[in-house]
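Residue numbers (our numbering), protein chains in the order written: chain C, 152 to 254; chain P, 42 to 311.
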Amino acid sequence: MGLFENFFRSSPHKSAALAKERLQIIVAHERGSGRRGSPDYLPALKKELLEVVRKYVPVDQSQIKVHLDREGGYEVLELNITLPDEEPRSRRNPESLPGPGQG
Amino acid sequence: MATVIVVTSGKGGVGKTTTSASFATGLAQRGYRTVVIDFDVGLRNLDLIMGCERRVVYDFVNIINGEANLNQALIRDKRVENLHILPASQTRDKEALTKEGVDRVLNELRQSFEYIVCDSPAGIERGALMALYFADEALVVTNPEVSSVRDSDRILGILASRSRRAEQGDPPVKEHLVLARYAPERADRGDMLSVEDVLEILGIPLLGVIPESQTVLQSSNAGVPVILEDGSDAGTAYGDLVDRFLGKNLPHRFITPQKKGFLKRLFGKG
Numbered sequence: 152m153g154l155f156e157n158f159f160r161s162s163p164h165k166s167a168a169l170a171k172e173r174l175q176i177i178v179a180h181e182r183g184s185g186r187r188g189s190p191d192y193l194p195a196l197k198k199e200l201l202e203v204v205r206k207y208v209p210v211d212q213s214q215i216k217v218h219l220d221r222e223g224g225y226e227v228l229e230l231n232i233t234l235p236d237e238e239p240r241s242r243r244n245p246e247s248l249p250g251p252g253q254g
Numbered sequence: 042m043a044t045v046i047v048v049t050s051g052k053g054g055v056g057k058t059t060t061s062a063s064f065a066t067g068l069a070q071r072g073y074r075t076v077v078i079d080f081d082v083g084l085r086n087l088d089l090i091m092g093c094e095r096r097v098v099y100d101f102v103n104i105i106n107g108e109a110n111l112n113q114a115l116i117r118d119k120r121v122e123n124l125h126i127l128p129a130s131q132t133r134d135k136e137a138l139t140k141e142g143v144d145r146v147l148n149e150l151r152q153s154f155e156y157i158v159c160d161s162p163a164g165i166e167r168g169a170l171m172a173l174y175f176a177d178e179a180l181v182v183t184n185p186e187v188s189s190v191r192d193s194d195r196i197l198g199i200l201a202s203r204s205r206r207a208e209q210g211d212p213p214v215k216e217h218l219v220l221a222r223y224a225p226e227r228a229d230r231g232d233m234l235s236v237e238d239v240l241e242i243l244g245i246p247l248l249g250v251i252p253e254s255q256t257v258l259q260s261s262n263a264g265v266p267v268i269l270e271d272g273s274d275a276g277t278a279y280g281d282l283v284d285r286f287l288g289k290n291l292p293h294r295f296i297t298p299q300k301k302g303f304l305k306r307l308f309g310k311g
């Protein structure tokens with residue numbers, strides 16, 4: 152049966168997958184202030200970012216803050232990771248208070 | 042207490058009026074006093090789909106302007122009890138629908154009907170905004186096609202920000218997805234967005250899937266809401282949709298390709 156189908160039909164184009172991908176991008180972009188205050192991917196984004204950072208530095212769940220802002224026509228994704236106080240390896244910054252994580 | 046339901050989509054030609062006609066007819070068939078209002082001022086069409094175009098005397102704008110009363114303008118359906126149609130005006134004055142006027146008419150309709158179905162025009166202009174402003178629930182009609190899905194997402198944003206419920210901080214308008222003109226075979230082959238794809242993008246609950254069907258055009262030719270076409274796939278799908286809206290838990294049909302026999306696969310059209 153499957154053989155028959157493959158024989159008589161041209162190979163699938165899978166254009167639906169392309170449509171979906173394009174839609175996801177444009178819809179995420181256009182979802183302005185109106186709908187859903189913060190996008191629902193934020194928690195997942197936060198979790199994954201934390202996992203990446205943890206590969207290098209031990210940080211706690213509570214030490215990462217992700218914030219999405221809209222200014223004019225722009226969306227600003229703000230990411231704050233508080234790195235733990237460790238034994239000074241190099242010059243120690245006198246103000247080792249919350250600082251932006253380095254990407 | 043009457044429930045106001047807007048049938049909306051953003052994009053034109055996706056099946057709003059077809060859905061409004063069948064949805065309202067289905068509610069009335071099940072015993073609910075129902076009125077369906079055409080909000081497409083200047084481009085009246087619900088009357089044609091409902092088959093009552095020759096019985097229009099007064100319209101929505103006449104009532105708003107006090108030129109007629111509701112009983113003069115409401116058209117009683119001849120096939121289904123409990124069903125009334127309020128036609129749109131053919132005036133070209135787009136300002137004719139005022140928020141106060143629509144509010145007043147809806148309040149009067151609330152006295153005698155259980156369900157008020159508002160058939161929205163396409164676009165996001167005044168008519169569309171008026172149709173959704175007073176809504177308690179919304180049927181968002183979408184086709185499995187990029188422009189329709191995008192426009193539906195825009196409309197969902199407008200429902201969430203510019204409806205009366207949003208403005209007054211009441212519980213939000215309850216959203217339902219109606220996926221129309223669906224072709225399971227094409228989705229299965231990967232050249233049409235699938236039900237799951239559309240649900241994933243829009244993120245609202247699915248009320249019904251209406252299969253692409255020749256019966257829809259045939260019934261509109263005849264001025265009969267397709268839900269009255271017994272045995273047709275689109276009509277059956279609308280029947281299920283209405284039952285689901287009223288709280289029945291029914292599985293979705295017409296979302297997987299129908300099995301075809303060997304000969305049909307060879308000689309029938311794909």
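Backbone N, C-alpha and C fix where the C-beta goes; we use that ideal spot for every residue, glycine too.
This one's a predicted model, so the numbers in the text were calculated from it and none came from an experiment.
As assigned by DSSP and simplified to three states, the class of residue i
i        : result
P:VAL55  : coil
C:THR233 : coil
P:THR256 : helix
P:ILE251 : strand
P:HIS217 : strand
P:TYR279 : helix
P:ASP79  : strand
P:TYR99  : coil
C:TYR207 : coil
C:HIS180 : helix
P:VAL236 : helix
P:VAL48  : strand
P:VAL190 : helix
P:THR183 : strand
P:VAL146 : helix
Spatial distance of residue i from residue j (CA atoms)
i        : j        : result
P:ASP134 : P:PRO298 : 46 Å
P:LEU287 : P:ALA69  : 12 Å
P:VAL257 : P:ALA275 : 7 Å
P:ALA201 : P:VAL55  : 21 Å
C:ARG173 : P:ASP194 : 14 Å
P:LEU197 : C:SER166 : 25 Å
C:LEU219 : C:GLN212 : 18 Å
C:PRO209 : P:LYS52  : 50 Å
P:VAL121 : P:TYR73  : 11 Å
P:ASP232 : P:ASP192 : 20 Å
P:LEU243 : P:VAL181 : 10 Å
P:ASP238 : C:TYR192 : 17 Å
P:SER235 : C:ALA179 : 19 Å
P:VAL45  : P:ARG230 : 39 Å
C:LEU201 : C:TYR207 : 10 Å
P:MET42  : P:ARG151 : 7 Å
P:ARG117 : P:ASN86  : 17 Å
P:ILE90  : P:SER63  : 9 Å
P:SER161 : P:GLU226 : 30 Å
P:ASP81  : C:TYR225 : 35 Å
P:LYS300 : P:ALA224 : 14 Å
Test: residue i CB closer than 8 Å to a CB of chain P
i        : result
C:ALA167 : yes
C:LEU196 : no
C:ARG205 : no
C:GLU181 : yes
C:LYS145 : It is not possible to answer for residue 145 of chain C, since the shown part of chain C is limited to 152 through 254.
C:GLN212 : no
C:LEU174 : yes
C:ILE232 : no
C:VAL178 : yes
Close-in-space but distant-in-sequence residues of the same chain around residue i (CB under 7 Å, 5 per side omitted)
i        : result
P:GLY67  : ILE268, TYR279, GLY280, VAL283
C:LEU196 : VAL217
Min CB distance residue i to chain C below 8 Å
i        : result
P:ARG195 : yes
P:ILE242 : yes
P:ALA62  : no
P:TYR279 : no
P:VAL55  : no
P:ALA176 : no
P:ARG205 : no
P:MET233 : yes
P:ARG294 : no
P:GLY198 : yes
P:ARG191 : yes
P:VAL187 : yes
P:ASP238 : yes
Same chain only: Cβ atoms within 6 Å of residue i, ignoring 5 sequence neighbours per side
i        : result
P:ARG294 : none
C:GLU229 : HIS218
P:SER273 : THR256
8 Å Cβ shell around residue i - same chain, five flanking residues per side excluded
i        : result
P:LEU115 : VAL76, HIS125, ILE126, LEU127
P:GLU149 : LEU111
P:LEU291 : ASP281, ASP284, ARG285
P:THR60  : VAL48, LEU180, VAL182, VAL219, ALA221, ILE251, TYR279
* Asked: Given 8 Å as the limit, is there contact between the region 211 to 225 of chain P and the region 258 to 266 of chain P, that is, 3 or more CB pairs closer than that?
  -> no
* Does the region 114 to 129 of chain P come within contact of the region 86 to 106 of chain P, defined as at least 3 CB pairs closer than 8 Å? -> yes
* Using 8 Å as the Cβ pair cut-off and three pairs as the minimum, do the region 85 to 100 of chain P and the region 176 to 191 of chain P touch? -> no
* Asked: Is the number of C-beta pairs between the region 244 to 253 of chain P and the region 203 to 214 of chain P that are closer than 8 Å three or more?
  -> no
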